[in-house]
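Here it is in structure tokens:
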């Protein structure tokens with residue numbers, strides 16, 4: 056076999072391997088888990104019940120409608136959520152008037168928030184309701200709603216982009 060045949064065979068092997076890698080990558084991306092991104096822009100948030108720090112049950116519409124609000128969905132068992140939560144301390148409390156902290160209803164979250172300066176902004180909702188009604192399965196997440204409760208903007212939130220939801 057001469058050198059030209061060896062080069063051609065080598066190139067065919069390389070092209071075959073490269074094509075196989077592309078196909079595998081495409082299939083992996085197709086089978087990947089879809090991360091839910093909250094309600095659609097323009098959808099109205101569902102009227103669900105929540106608990107406040109004192110354990111009182113109220114409707115979310117009573118707390119949210121009438122003003123523009125940003126709902127920040129957190130679980131204090133989550134590292135990234137704790138970073139977002141602790142970065143709230145950087146801001147003057149008056150700048151956080153439109154922020155509502157929606158936390159998963161757990162004993163740990165209740166205990167932590169009962170001693171927090173943000174306890175009046177805390178809304179505790181069952182995890183199933185957050186996942187099924189708000190279409191959120193990854194925390195932390197932010198959802199900006201208008202006076203009528205319609206979603207204006209939503210995205211995953213980090214301590215770096217938190218400022219976008221406060222101003």
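Numbering (the numbering used here), first residue to last: 56 to 222.
In this text, a Cβ means the ideal position worked out from N, Cα and C, and glycines have one as well.
Remember, predicted model here, so these are calculated numbers, not experimental data.
7 Å Cβ shell around residue 102 - same chain, five flanking residues per side excluded:
114, 115 and 116
For residue 210, the three-state DSSP class (helix, strand or coil)
strand
At what residue ranges does the stretch 156-206 contain a whole run of the alpha helix (DSSP H), taking only runs of 4 or more?
162-169 and 182-188
Residues of its chain near residue 96, where Cβ-Cβ distance is below 6 Å and the 5 sequence neighbours each way are ignored:
206
In DSSP terms, what residue 154 is bridged to
125
Name the DSSP bridge partner or partners of residue 104?
114
If you check the beta carbons only, do residue 176 and residue 156 fall under 7 Å apart?
yes
Nearest-angstrom Cβ-Cβ length linking residue 38 and residue 160, presumed shorter than 8 Å
This structure cannot settle anything about residue 38, because the visible part of the chain is limited to 56 through 222.
Can residue 124 and residue 172 be called in contact, C-beta distance under 7 Å?
no
What number of angstroms, rounded off, separates the C-alpha of residue 181 from the C-alpha of residue 153?
22 Å
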